[in-house]
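Protein chains in written order, with my numbering: chain A, 3 to 237; chain B, 3 to 237; chain C, 24 to 252; chain D, 24 to 252. From the three backbone atoms N, C-alpha and C, an ideal C-beta is built for every residue, glycine too. In this text, all values refer to a predicted model and were calculated from it rather than measured experimentally. This report concerns only the one structure given below.
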């Protein structure tokens, strides 16, 4: 399974651009967010300025409107998209490139996507689920019956990088999220070799109670305070 | 997969004895706790007074000393024990009955036990793990290689009842734990058809912040305020 | 029959349908609401029934819409609408939310449908051959919860039937729908076949039969679904 | 050789071994400590090295022992000892704790051993044919972490060897130990074979070779492990 690098050095980086600078051609990158919140907007913005190509992106959706993931797709930096909801009416940038076969798509049921990421972080190479049984999504997958119920075999999903968004981070890398803005962020942090967290607030180590930590520091490699807190990739 | 009964009626029951009264002959019952803390001591005490037999117990250990699980085993109410640590030097009651073949044992690596319970609560009938590969625990299990690594197939573990211990419960059944006293309790709550929570404190609904809830109310069916807060099943 | 389904005052409105569904939910249920009409259901549920609404983006206990200007965008439901968590709500991440759904802990999912078959197959995510829609959490919900209520117009704008012997659109899941709420009727899927339980006030059995491909079981008494004027 | 391993002042004490291990841990590592000598290691780690200790009962960042009378029994490590969480600690349940361990996020597990083989097989949980011990989290740790440091007396009280060509006791995991810390020596397991890296001050190479079944690779320079008087 994947092994995350020890990071003794300070995890705080001074800009989003620096934070994403290690992302290389061909990297697999997960991006947090759901329903327009919990999206690492500053990191996405930095990725637009970072010279990289052939990315595989893992995201709940295919980008909407013109900014954020849509802009990244428009720049043709994305070779393949793994997502649960591909063709929202506002995902026209992705849609056009998909129809002209300039981008690959792997659509995955949302719960299976979350569970595959969870497995990727938890040392489970594969698991069985009844989601997607008897549908087009079953095609090409192994099936197996447990207690009379048909299931499909799904594989762990690990990424090279996770770009996530949190409400609070302490210097050690412990994170909290506000309300439903957590969504995919915690599980993506666990499934990545290098997790880069964009935070709204930076706290001193110890300012988050141990029981209140939602993402333990071990899952976080770099932290940046989002330059433009108002920036939203989606409206 | 298991379906938990809707419980609209008040989840609060007035005594531990009443809380465990539904447990029937042959039931599978998980019991929270690790290292002497987070153990539902009052519920265990009530189970000693409840007329029941042929139980299958899921627990991290085999009971230590004379009280709690050990006492239950001594009463010969337990047909089978599923645990990760069977032969602690203080588990002499279990050990004697095991050697005289009066109780069955399924020993499971602790992480696999937690993951099997997690799978039981999450609709995953089976998963692969490298834990226990090339050991006696691999015997009789399916193996499979993923990315060059040998793994074993492990199955979900669901129980009829979970007896768990929490620090706070609200009237709706949201729970919090203190420090490491959570341990197996949250995951056992998820894997049971009926979860019975012994709490130290009972709060009004709404007194626990949504982000601070550690076990959402949906996983809890009955709540009892532990009669004797000082009671410890282990010393 | 000279019935224009496109613009007919006798058809149930989204609000009528939502109200009818709200009555149907058993007391104490935990319910997931899909996008569209299902989201309206929360507005009509009797608070004394003790029903909890769960959103797959990580909240158990979504409450009313906040007043305009008071929205906190950190609290939304799966339809991207701002919500206020009720007292006793809990919040968690996507992995936990779907483990709750897939683990069989949610009683009912109320989902919009494109087609439903007589044995409860659900098609609700895309049209064959079109790059349209997305699967989202529909397959997890359809297979994970105990009961699926399907909500749809009884026929398409073009007059195509949607309640079918067999779905022609890509399936979301097989044999999961227990009840269908349309703008014309309430149909229950049973082992014996689909039962026409209720009809919108002013419509009649023959009309529902005409617009349903499967043969409907007609009970001795069919009730009527009330409609707001 | 007339060496009495049962009672010899030249053997390293548990404290000596713990100190040596503490020096070995790379800066910034996250470490899980087993029961016994491993637990002592935390006492000797330079705080400036930024090492985090993780306990499988759900805490990342265990700190010092509380003073007598100030223990809060809700905060314990996996050895059941009261601990104070450090600033920046986090607390979680067993499922999350083991997902962290099994997912490869912990750098080093320091585990007591009954036997270790020359290729790094670890036997540390029971004796064949005896109803003794339990597996606990040892198999998850041994397979899940990046490196296993094994800690043991070099030979048993009865003079039986414990560092072997092949373990005779039931295995915990195959090919996982990278370093063995005994009361006589520090041995590193490599692809080429076990290297005798260090010897307790006052002992010599021949003695270690005599008490080790596998052939040891002897480097040009062997250091000595210091011992407290």
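Cβ separation of residue i and residue j, assumed to be a contact under 8 Å, to the nearest whole Å
i, j, result
"residue 71/A", "residue 84/A", "Between residue 84/A and residue 71/A the Cβ distance is about 12 Å, and since that is not below 8 Å, they are no contact."
"residue 153/A", "residue 111/D", "Going by Cβ atoms, the distance from residue 153/A to residue 111/D rounds to 41 Å, so no, they are not a contact pair."
"residue 148/C", "residue 179/C", "In fact, because the Cβ distance is near 16 Å, the residues do not count as touching under 8 Å."
"residue 97/D", "residue 180/B", "4 Å"
"residue 68/D", "residue 88/D", "Not confirmed; about 14 Å, so no contact."
"residue 113/C", "residue 212/B", "5 Å"
"residue 187/C", "residue 164/C", "Contact doesn't hold; Cβ gap of about 21 Å is too wide."
"residue 120/C", "residue 81/C", "5 Å"
"residue 35/C", "residue 223/C", "5 Å"
"residue 134/A", "residue 161/A", "At roughly 21 Å, the Cβ-Cβ gap does not stay under 8 Å, so residue 134/A and residue 161/A are not in contact."
Buried versus exposed call for residue i [16 or more other C-beta atoms within 10 Å across all chains shown]
i, result
"residue 210/A", "buried"
"residue 70/D", "exposed"
"residue 201/B", "buried"
"residue 136/A", "buried"
"residue 53/B", "exposed"
"residue 207/D", "buried"
"residue 126/C", "buried"
"residue 120/B", "buried"
"residue 167/C", "buried"
"residue 65/B", "buried"
"residue 150/B", "exposed"
"residue 43/C", "buried"
Proximity test, Cβ basis, 8 Å: residue i and chain D
i, result
"residue 101/B", "yes"
"residue 117/B", "yes"
"residue 60/B", "no"
"residue 136/A", "no"
"residue 172/A", "yes"
"residue 237/B", "Residue placement at residue 237/B is flagged as unreliable, the pLDDT there being 34, under the threshold of 50; the coordinate-derived value follows with that caveat. No, its Cβ sits nowhere closer than 8 Å to a Cβ of chain D."
"residue 163/B", "no"
"residue 113/B", "yes"
"residue 206/B", "no"
Neighbour flag for residue i against chain B, beta carbons, 8 Å
i, result
"residue 1/A", "Any question about residue 1/A goes unanswered here, given that chain A covers just 3 to 237."
"residue 126/A", "yes"
"residue 110/C", "yes"
"residue 149/A", "yes"
"residue 235/C", "no"
"residue 85/C", "no"
"residue 127/C", "yes"
"residue 61/D", "no"
"residue 163/D", "yes"
Any chain C beta carbon closer than 8 Å to residue i
i, result
"residue 41/B", "no"
"residue 131/B", "no"
"residue 197/B", "no"
"residue 5/B", "Bear in mind that a pLDDT of 41 at residue 5/B, under 50, signals an unreliable position, so the model cannot answer this."
"residue 184/B", "no"
Min CB distance residue i to chain A below 8 Å
i, result
"residue 86/B", "no"
"residue 153/B", "yes"
"residue 102/D", "no"
"residue 117/C", "yes"
"residue 57/C", "no"
DSSP bridge partner residues for residue i (one or two, in chain order)
i, result
"residue 172/A", "205/A"
"residue 158/A", "DSSP, once it has assigned bridges, lists no residue as partnering residue 158/A."
"residue 167/A", "200/A"
"residue 233/D", "None, per the DSSP bridge assignment."
"residue 246/D", "221/D"
"residue 148/B", "151/B"
"residue 131/C", "54/C, 170/C"
"residue 139/D", "145/D, 186/D"
"residue 225/B", "14/B, 199/B"
Continuous beta strand (DSSP E) assignments of at least 3 residues falling wholly in the stretch 29-68 of chain B: Counting only runs of 3 or more, we get 30-33, 57-60.
In chain order, what are the residue ranges of uninterrupted alpha helix (DSSP H) at least 4 long that sit wholly in the stretch 74-130 of chain A? Here the runs fully enclosed are 94-101, 112-124.
Which ranges does the alpha helix (DSSP H) cover as unbroken runs of at least 4 residues, wholly within the stretch 54-116 of chain C, from first to last along the chain? Here the runs fully enclosed are 60-64.
Can you list the alpha helix (DSSP H) stretches of 4 or more residues lying completely in the stretch 160-222 of chain D, in chain order? Counting only runs of 4 or more, we get 161-167.
Can you list, in chain order, the residues of the stretch 214-233 of chain B whose Cβ is nearer than 8 Å to any Cβ on chain E? Among the protein chains in the structure shown, which are A, B, C and D, there is no chain E.
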